[in-house]
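Asks: This is the structure I want to talk about, given as structure tokens.
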């Protein structure tokens, strides 16, 4: 979307070079360094509005041993108690947590729209559409989640009838043809409303996201209703890849070569819960007066619903003095790495961090409520914060080159870098539960791709709420794998006993089991292969199964393995 992740409104073009700097660590041999910076008179995409922090302080950068002032504190006063907003006994199963965010009424709405769209498409082909019910859609969702846990190379493999490689679960839920029919006809909006909306294409009344309504707004509201974030939050970008052609499609630079849809999400740093999100609709749908990086944060950070005293951690794309000052007016702190050419970054070069500074060297400069820090790690790091002190004496272990080998040493680290790393590392990348199915199916309709991402959000949020609720009751929460397995069975309306393979009673007409005969493949130690059961070398194999197995008094893997296989 933006070259190198830059915002053309907030980032200044790097057309000018810094003047030569002195190396603070070498008085005899001053070094020159090229730092790409923008002069205030440069032309290009940058601009200095009256809201931007112009007139940046011209005083020098300070060393780590120089004292810094502690920023004024803001009390953390959330609108609601952070955590799940659910009565203790309201939810006890994975399905109940899932249906908080994906209600039954929404399932029924999708069923109605899918039947309408499917009948319309089949009528064009001279065929009759077989209506689906709510249980069919729940079973379909169960299979999509199942495919994310048990991966096959193609959709047809899940319904394979092979004696040795077949999976019994998908065929027990629904037929392959019915699954494909639902996949192709899945529709989230009223087809008649879609036609009316298409007539308005090219006008201000046209809704680009009309085909994902009302599911889009219902899930957003549900995610905010049943959970309130803890103090540390962040903004993340997500990419929903798709081959569909539509005006909503955008490409995220440095993320993936695929094209798709860009989503911005406000996520809790403590547990990874997605509290709010929106689909980026394109330039024409936003004013762009302050830049996308500014406006995307302001669209998600609602102090009236969150409260005051929150700490927002963002990456370079969002960080700007303008944004941080405006967030502070809302009583929300912010910190994050910042581009050195972003409007408002200090332009003074006096005592600035030099290129060949040793690891752990830091410089800082404060301008009112904004703290700017430069720190030398393996590369230079520039940070901006409204709630950190420059240096609090923290250290971190790093390997530094010695005469013959690297040595582990303690190096100073600014508090803003340490705090940022701790909180951002806690935010796991979004678990793409439906990603494997999308890779196999390759849906051509953009709204179906968004639907599967909505499933990812709701299932992951449901798991997080289950985990927090269990800990609140001093109970052991379900693991993620167990949670998904139980959710699949509940969606498919199967009990644990129903998911076990059903063995048929023997009959007189049944084919007798094959005779399993051991055979020596080599008379000596040369040419032996590993046993399938114990992995030790053996000269014996089962001719019927073509499997190497030990056949010795102390290691009778031959009979043990066949008993496990049910022979």
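Residue numbers (my numbering): 33 to 599. Using N, Cα and C, we set each Cβ at its ideal position, and we do this for glycine too.
If I measure Cβ to Cβ from residue 346 and keep anything under 6 Å in the same chain, skipping five residues before and after, which residues do I get?
Replies: To locate residue 346, count along the chain shown from 1; it is residue 314. 267 and 368, listed in sequence order.
Asks: I need the straight-line Cα distance from residue 525 to residue 171, nearest angstrom please.
Replies: As a working mapping, residue 525 is identified with position 493 in the chain shown. As a working mapping, residue 171 is identified with position 139 in the chain shown. For residue 525 and residue 171, the distance between alpha carbons rounds to 8 Å.
Asks: Any contact between the stretch 240-257 and the stretch 153-171? By contact I mean 3 or more CB pairs, one from each, below 8 Å.
Replies: no
Asks: Please go through the stretch 142-202 and give each complete alpha helix (DSSP H) segment of 4 or more residues, from N-terminal end onward.
Replies: 166-181
Asks: With distance defined between alpha-carbon atoms, name the residue in 469, 174 and 146 nearest to residue 217.
Replies: Working through the chain shown from its first residue, we reach residue 217 at position 185. Nearest of 469, 174 and 146 to residue 217, Cα basis: 146.
Asks: Does the distance from the CB of residue 31 to the CB of residue 301 come in under 7 Å?
Replies: Within the shown structure, residues of the chain are numbered from 33 to 599, placing residue 31 beyond reach of any answer.
Asks: Counting C-beta neighbours from all protein chains within 10 Å, is the total for residue 160 16 or more, i.e. buried, or is it exposed?
Replies: Taking the first residue of the chain shown as position 1, residue 160 is located at position 128. By the neighbour-count rule (16 or more Cβ atoms within 10 Å), residue 160 is not buried but exposed.
Asks: Determine the DSSP secondary structure at residue 224, reduced to helix, strand or coil.
Replies: Sequence index remark: in the chain shown, residue 224 carries index 192 (1-based). The answer is helix: DSSP assigns residue 224 an H, G or I state.
Asks: When the Cα atoms are used, what is the spatial distance from residue 493 to residue 258?
Replies: By one-based count along the chain shown, residue 493 stands at place 461. By one-based count along the chain shown, residue 258 stands at place 226. Going from the Cα of residue 493 to the Cα of residue 258 covers about 10 Å.
Asks: Would you call the stretch 325-344 and the stretch 356-364 touching, i.e. three or more CB-CB distances under 8 Å?
Replies: yes
Asks: Which residue or residues does DSSP assign as beta-bridge partners of residue 340?
Replies: What you label residue 340 is simply residue 308 of the chain shown in a count that begins at 1. Its beta-bridge partners are 109.
Asks: Are the Cβ atoms of residue 549 and residue 572 separated by less than 7 Å?
Replies: As a working mapping, residue 549 is identified with position 517 in the chain shown. As a working mapping, residue 572 is identified with position 540 in the chain shown. Cβ distance not < 7 Å, so residue 549 and residue 572 don't count as in contact.
Asks: Could you please give me the residues that DSSP links to residue 377 through a beta bridge?
Replies: Along the chain shown, read from residue 1 onward, the residue named residue 377 stands at position 345. Looking at the DSSP assignment, residue 377 forms no beta bridge with any residue, so it has no partner.
Asks: In whole angstroms, what is the alpha-carbon distance linking residue 307 and residue 498?
Replies: Locating residue 307 in the chain shown gives position 275, counting from the first residue. Locating residue 498 in the chain shown gives position 466, counting from the first residue. So the alpha carbons of these two residues sit roughly 15 Å apart.
Asks: Could you tell me which uninterrupted alpha helix (DSSP H) segments, each at least 4 residues in length, are contained entirely in the stretch 382-413, listed from first to last along the chain?
Replies: None, since the stretch 382-413 contains no complete alpha helix (DSSP H) of that length.
Asks: Quick check on DSSP: helix, strand or coil for residue 588?
Replies: Counting from 1 along the chain shown, the entry for residue 588 is found at position 556. Coil.
Asks: For residue 446, count neighbouring Cβ atoms within 10 angstroms of its own Cβ and tell me buried if that reaches 16, exposed if not.
Replies: What you label residue 446 is simply residue 414 of the chain shown in a count that begins at 1. Flag for residue 446 reads buried.
Asks: With residue 229 and residue 455 assumed to form a contact (beta carbons below 8 Å), what rounded beta-carbon distance in angstroms separates them?
Replies: To locate residue 229, count along the chain shown from 1; it is residue 197. To locate residue 455, count along the chain shown from 1; it is residue 423. Contact flag wrong, Cβ pair sits at about 41 Å.
Asks: Rounded to whole angstroms, what's the CA-CA distance from residue 190 to residue 164? Just pull it up for me.
Replies: In the chain shown, counting from the first residue as 1, residue 190 sits at position 158. In the chain shown, counting from the first residue as 1, residue 164 sits at position 132. Computed Cα separation, rounded: 21 Å.
Asks: According to DSSP, which residues form a beta bridge with residue 115?
Replies: Stepping through the chain shown from its first residue, residue 115 is reached at position 83. Paired residues: 260.
Asks: Determine the burial state of residue 253: buried for a count of at least 16 other Cβ atoms within 10 Å of its Cβ, exposed for fewer.
Replies: By one-based count along the chain shown, residue 253 stands at place 221. Classification for residue 253: exposed.
Asks: Along the chain, where does the beta strand (DSSP E) that runs through residue 618 open and close?
Replies: Coverage of the chain is limited to positions 33 through 599, which leaves residue 618 absent and any answer about it impossible.
Asks: Which same chain residues, not among the five before or five after residue 187, have their C-beta less than 6 Å away from its C-beta?
Replies: Looking up residue 187 in the chain shown gives position 155. If we look at residue 187 and ignore the five residues flanking it on each side, its Cβ neighbours are 472.
Asks: Just how far apart, CA to CA, sit residue 485 and residue 514?
Replies: Numbered from 1 along the chain shown, position 453 holds the residue referred to as residue 485. Numbered from 1 along the chain shown, position 482 holds the residue referred to as residue 514. Using only the alpha carbons, I get a separation of about 21 Å.
Asks: Please classify residue 224: is it buried, with 16 or more other beta-carbons within 10 angstroms of its beta-carbon, or exposed?
Replies: Position 192 of the chain shown, counted from the start, is the residue given in the question as residue 224. Per the 10 Å Cβ criterion, exposed.
Asks: Tell me the DSSP secondary structure of residue 415 in three-state form.
Replies: The residue given as residue 415 occupies position 383 in the chain shown. Of the three classes helix, strand and coil, the one that applies to residue 415 here is strand, per DSSP.
Asks: Report yes or no: do the stretch 425-444 and the stretch 369-384 share at least 3 C-beta pairs separated by less than 8 Å?
Replies: no
Asks: In the DSSP assignment, find the unbroken alpha helix (DSSP H) run with residue 512 in it and report its ends.
Replies: The count along the chain shown starts at 1 and reaches residue 512 at position 480. Looking at the DSSP string, the run of the alpha helix (DSSP H) that includes residue 512 is 512-523.
Asks: By how many angstroms is the C-alpha of residue 496 removed from the C-alpha of residue 255?
Replies: Position 223 of the chain shown, counted from the first residue, corresponds to residue 255. Position 464 of the chain shown, counted from the first residue, corresponds to residue 496. So the two alpha carbons sit approximately 12 Å from each other.
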